[in-house]
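Chemist:
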Amino acid sequence: MSAPVWRKASRSNSQGQSCVEVAGLGRATVGLRDSKHVHRGHLTVSAPQFRALLGSIKATR
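In the UniProt record's numbering, the protein residues as written are 1 to 61.
#1: Apart from the five residues just before and just after Ala28, which ones in its own chain have a Cβ nearer than 7 Å to its Cβ?
#2: Does DSSP put Arg61 in a helix, in a strand, or in coil?
#3: Whole angstroms is fine: what's the gap from Val22's alpha carbon to Ala3's?
#4: Over the uninterrupted beta strand (DSSP E) stretch that includes Ser46, give me the two end residues.
#5: When you compare each of Arg11, Trp6, Arg33 and Arg7 to Arg61 by their alpha carbons, which one comes out closest?
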């Protein structure tokens, strides 16, 4: 398996202080991590869980 390609969330703070990165980790899993503390690892969720998280965030904006 190749190394994941991490992307910064489009709504991250422009000063780089509140940055979340996401990466596809396989067929149905997504990784989430803090871009300032990548050495601390990442949270792994299923693709449906990630879609539910995004839906919840968008609904509360």
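We put the beta carbon where it would ideally sit given N, CA and C, even for glycine.
Modeler: Walking through what the data contain:
#1: Along the sequence shown, read from residue 1 onward, the residue named residue 28 stands at position 28. Around Ala28: Ser46 and Ala47.
#2: For the purposes of this step, residue 61 is taken as residue 61 along the sequence shown, with counting starting at 1. Correct three-state label for Arg61: coil.
#3: As a first step, residue 22 is located in the sequence shown; it is residue number 22 there, counting from the start. As a first step, residue 3 is located in the sequence shown; it is residue number 3 there, counting from the start. Rounded to whole angstroms, Val22 to Ala3 spans 13 Å at the Cα level.
#4: Against the sequence shown, residue 46 aligns to sequence position 46. Its beta strand (DSSP E) spans residues Leu43 to Ser46.
#5: Translated into the one-based positions of the sequence shown, residue 61 becomes position 61. Answer by Cα proximity: Arg11.
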